[in-house]
Amino acid sequence: MWEEEGAVLLVVKKSRFYAHLYRITSVEDIADVREMHRKKYRKAAHHCYAARLNLPEGLLEPFGSDGEVGRPGMVLLYLLQREELASHMIVVSRIFGGIKLGPGNVSRAFRDAAAEAVAVAAAGRE
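Structure, rendered in structure tokens:
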């Protein structure tokens, strides 16, 4: 069963990035959390995610950019790796604000939102 550990909203040029960090325990949790985000943020065009899950057969590290430019799913996975977060998942849902950001700015916004969610979770553990 998954559990939310941190969540933030980041606004960049009117686009809203909703970032959530979850503790997960199974492959099914990954699908469940992604589906929940699609329902919760129906107006979002993109729901990018990355997960790291320890399994008996090894470490699973799926990610996805949901058609968004700049490969933000990979950026989210790198953040989980850098922070050494296993059994965790980050999902960032973007609601477009009408101003194109470009691939570099999009990736940075996804990364910054996710990093803030990780920081909120870390502060909650202290």
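Take 1 as the starting number for the sequence shown in the UniProt record's numbering and just add one per residue. Glycine residues also receive a C-beta, built at the ideal position from the N, C-alpha and C atoms.
Per DSSP, reduced to three states, the secondary structure at Gly-73 is helical. Within its own chain, the residues whose Cβ lies closer than 7 Å to the Cβ of Lys-43, once the five positions on either side in sequence are excluded, are Ile-95, listed in chain order. The beta carbons of Asp-66 and His-46 sit about 4 Å from each other, so the pair counts as a contact at 8 Å. For Ile-90, no alpha helix (DSSP H) segment is defined; the enclosing uninterrupted segment is the beta strand (DSSP E) at 88–95. Straight-line spacing of the CA atoms in Ala-122 and Val-91 works out to 17 Å.
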